[in-house]
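**Q** When we follow our numbering, the leftmost residue of the sequence shown carries the number 88, and every step to the right adds one.
For every residue, glycine included, the Cβ atom is placed at its ideal position computed from N, Cα and C.
Pasting in a structure now, in structure tokens, and then I'll have a few things to ask.
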Amino acid sequence: MANQSPRRGIQSRLIRVFAVQATLVSLATALGVFAAYKIAEDILVKEALTGEAEHYWQLVEKNGDYPLPNTKNMRGYRAKISRLDALPEELSSLEPGFGRHPFKGNTPLVLVSERDSERLYLIFKEEQVSRLALYFGVAPLTVVLILIYLASWFTFRQSQRVISPVVQLAKVVEGTRIPDSETLAADLKPFHSIDTDIDALATSIEHFAARLHSFIERERTFTRDASHELRTPLAVLKGSMDVLDQAETFSDQGRSVMQRMRKTVQDMEELIETLLLLAREEDTLLEVSPILLNDLLPTIISQTQRAMGTAEDLIAFEQSSLLEIAASSKVLTILMTNLIRNAIVHGTTSESPRESVRIKISENSVTVTDNGPGMDEELMRKAFQPFFRGAANNQGHGLGLTIVQRLCHRFGWQLDAHSIVGQGTSISIRFPDARIVGRQ
Numbered sequence: 088m089a090n091q092s093p094r095r096g097i098q099s100r101l102i103r104v105f106a107v108q109a110t111l112v113s114l115a116t117a118l119g120v121f122a123a124y125k126i127a128e129d130i131l132v133k134e135a136l137t138g139e140a141e142h143y144w145q146l147v148e149k150n151g152d153y154p155l156p157n158t159k160n161m162r163g164y165r166a167k168i169s170r171l172d173a174l175p176e177e178l179s180s181l182e183p184g185f186g187r188h189p190f191k192g193n194t195p196l197v198l199v200s201e202r203d204s205e206r207l208y209l210i211f212k213e214e215q216v217s218r219l220a221l222y223f224g225v226a227p228l229t230v231v232l233i234l235i236y237l238a239s240w241f242t243f244r245q246s247q248r249v250i251s252p253v254v255q256l257a258k259v260v261e262g263t264r265i266p267d268s269e270t271l272a273a274d275l276k277p278f279h280s281i282d283t284d285i286d287a288l289a290t291s292i293e294h295f296a297a298r299l300h301s302f303i304e305r306e307r308t309f310t311r312d313a314s315h316e317l318r319t320p321l322a323v324l325k326g327s328m329d330v331l332d333q334a335e336t337f338s339d340q341g342r343s344v345m346q347r348m349r350k351t352v353q354d355m356e357e358l359i360e361t362l363l364l365l366a367r368e369e370d371t372l373l374e375v376s377p378i379l380l381n382d383l384l385p386t387i388i389s390q391t392q393r394a395m396g397t398a399e400d401l402i403a404f405e406q407s408s409l410l411e412i413a414a415s416s417k418v419l420t421i422l423m424t425n426l427i428r429n430a431i432v433h434g435t436t437s438e439s440p441r442e443s444v445r446i447k448i449s450e451n452s453v454t455v456t457d458n459g460p461g462m463d464e465e466l467m468r469k470a471f472q473p474f475f476r477g478a479a480n481n482q483g484h485g486l487g488l489t490i491v492q493r494l495c496h497r498f499g500w501q502l503d504a505h506s507i508v509g510q511g512t513s514i515s516i517r518f519p520d521a522r523i524v525g526r527q
């Protein structure tokens, strides 16, 4: 059976949601820390230094003179505007305002205030800003972040506990190839005691499995009976034709009729065998072995041409690679026979030139191309529907391409079809697991 394409499970989606949540929280925290740092620097420190400068000027006006600030966190300088050269070189060029400026190998925050032809320089040690940001920004935000992470982790664990029974239930159902109501009921028994919702889900699965099991049994019975009822009259017809061949001498017209009858019986036998193969659920009865498609195809081409009575040079066979496929020879024969027959029936006429059908083996694929009338998009959509036989040709059962499509879907092979009106149709089958064992 073809493998299903992988999809995200509930757990992986849940992990993704919480990962996104944690990322967004981290980004919000980083932005918060940066905002706290800028607030501490641009607002708190600026307001504090502005207040200190105003307070200092008031003391100077009141007392005539006053010592400059010189504390652990702040250092002050004062000079007349006409005597700025007496200041340290880094300060003498500064204009009134607030900001970071180089000073003695560091970049502290500096406030320059001017009054009555004098300037006051207040230098705030830069490490204090980082400490303020740590105290008022990083520390509380880190605590909040830890609490959010803990809450998210707790929620995630609880969510896992909630969905865990659903995941386990899915694994139990997935491991059941053909639903057997009794076996499945025993496997699902532990889920009935988890909670009401899981119990309802398990009960629904049991009821569905029972109905499906009943349907499969009815289908098997029908397939077995239909196989017997269809094969028996065909066997009688073949035996009767053999008796007639031995007992009667036919005219040319009678022998032509007998040949058509034999061909019809053979076609019906092959069609019944193909439909029974597609009706089976299990592939265990199919013998799978490495098959060199390059050796199998010439035999199929020869048998198909002989059965359809076409000229030997109608089909051209090209091979650029030696392609080995692990598959059932029976399945490959049915697949390629239907493709070749379809190309001959719908892509050629009695007046078609030699090599009107081309079969090519290339990289991991085989392509069948004809020079027929081709199909537009609407006909291409209908071509793979059951019992569609085209507008200009009513030969065949109308199941060839339908069988090809179903076989490809069942065994994981890729089908690709292209057609151009007036030029012909090309159908390719790609075998993903095929192995190239040589070149030609």
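Would you tell me roughly how many angstroms separate the C-alpha atoms of Arg-202 and Glu-182, rounded to the nearest one?
**A** 13 Å
**Q** Leaving aside the five residues before and after Glu-399 along the sequence, list all residues of the same chain whose C-beta is less than 8 Å from its C-beta, in chain order.
**A** Gln-392
**Q** Cα-Cα, which of Thr-386, Ile-507, Asp-503 and Gly-499 is closest to Pro-519?
**A** Closest by alpha carbon: Gly-499.
**Q** First and last residue of the beta strand (DSSP E) that includes Gly-326?
**A** No beta strand (DSSP E) contains Gly-326, which is instead part of the alpha helix (DSSP H) from 283 to 334.
**Q** One question on the structure: do Ile-388 and Ile-446 come within less than 8 Å of each other, judged by their Cβ atoms?
**A** yes
**Q** If Asp-274 sits next to Val-259, beta carbons under 8 Å apart, how far is it from one beta carbon to the other, in whole angstroms?
**A** 5 Å
**Q** Under 8 Å: do the segment 345 to 364 and the segment 380 to 387 share three or more Cβ pairs, one atom per stretch?
**A** These segments do not touch.
**Q** Take the Cβ of Asp-457 as the centre, count every other Cβ of all protein chains shown within 10 Å, and call the residue buried at 16 or more, exposed below.
**A** buried
**Q** If you draw a straight line from the C-alpha of Gly-396 to the C-alpha of Ile-431, how long is it?
**A** Their Cα atoms are separated by approximately 11 Å.
**Q** Taking only the alpha-carbon atoms, compute the straight-line gap between Leu-317 and Ile-359 and give it to the nearest angstrom.
**A** 8 Å
**Q** Using 8 Å as the threshold, is the C-beta distance between Ala-470 and Leu-494 below it?
**A** no
**Q** Where do the N-terminal and C-terminal ends of the alpha helix (DSSP H) with Leu-198 fall, by residue?
**A** Careful: Leu-198 lies outside any alpha helix (DSSP H), inside the beta strand (DSSP E) at 196 to 202.
**Q** Per DSSP, which residues does Thr-454 bridge with? Please list them.
**A** Lys-447 and Ser-515
**Q** Using the three-state DSSP reduction, which class does Met-462 fall into: helix, strand or coil?
**A** coil
**Q** List the endpoints of the continuous beta strand (DSSP E) containing Glu-411.
**A** 408 to 415
**Q** Quick test of your reading: Ser-415 and Leu-363, contact by CB under 8 Å. State the CB separation rounded to the nearest angstrom.
**A** 14 Å between Cβ atoms; not a contact.
**Q** Could you tell me the distance, in whole angstroms, from the CA atom of Pro-93 to the CA atom of Ile-250?
**A** For Pro-93, the predicted structure reports a pLDDT of 43, less than 50, and the residue's modelled location is therefore unreliable. The matter cannot be settled from this model.
**Q** Pick out the complete alpha helix (DSSP H) segments inside the segment 148 to 213, 4 residues or longer, and give them in chain order.
**A** 176 to 179
**Q** Which residue or residues does DSSP assign as beta-bridge partners of Ser-82?
**A** No information on residue 82 is available, as it lies outside the stretch 88 to 527 that the chain covers here.
**Q** Mind checking which residues open and close the alpha helix (DSSP H) that includes Arg-248?
**A** Boundaries of the alpha helix (DSSP H) around Arg-248: 226 to 261.
**Q** Is the beta carbon of Ala-322 less than 8 Å from the beta carbon of Gln-353?
**A** no
**Q** How far does the alpha helix (DSSP H) with Ala-394 in it extend, from its first residue to its last?
**A** 380 to 395
**Q** Can you have a look at Arg-342 and say buried or exposed, based on whether 16 or more other CB atoms are within 10 angstroms of its CB?
**A** exposed
**Q** Are Phe-243 and Phe-105 close, meaning C-beta to C-beta below 8 Å?
**A** yes
**Q** With respect to the beta strand (DSSP E) encompassing Arg-526, which residues constitute its N-terminal and C-terminal limits?
**A** Where Arg-526 is concerned, the enclosing beta strand (DSSP E) stretches over 522 to 526.
**Q** How many angstroms separate the CA atom of Glu-464 from the CA atom of Leu-256?
**A** 44 Å
**Q** According to the Cβ coordinates, are Asn-451 and Leu-419 closer than 8 Å?
**A** no
**Q** Glu-177 to Pro-189, Cα distance in whole Å?
**A** Each residue's CA atom was taken as its position, placing Glu-177 and Pro-189 some 7 Å apart.
**Q** For Ser-200 and Ala-238, which I take to be in contact (beta-carbon distance under 8 Å), what is that distance rounded to the nearest angstrom?
**A** Contact flag wrong, Cβ pair sits at about 48 Å.
**Q** Could you check where the alpha helix (DSSP H) with Gln-492 kicks off and where it finishes?
**A** 487 to 498
**Q** Taking the C-alpha atoms as reference points, what is the distance between Lys-417 and Gln-390?
**A** Cα to Cα, the separation comes out at about 14 Å.
**Q** Kindly identify the DSSP beta-bridge partner or partners of Pro-377.
**A** Ala-413
**Q** From Pro-156 to Phe-121, what distance separates their C-alpha atoms?
**A** Approximately 30 Å, taken between the alpha carbons.
**Q** For Leu-101, which residues in the same chain have their Cβ closer than 6 Å to its Cβ, ignoring the five residues on either side in sequence?
**A** Ser-246
**Q** Assign Asn-150 to buried or exposed, taking buried as 16 or more other Cβ atoms, counted over all protein chains shown, within 10 Å of its Cβ.
**A** exposed
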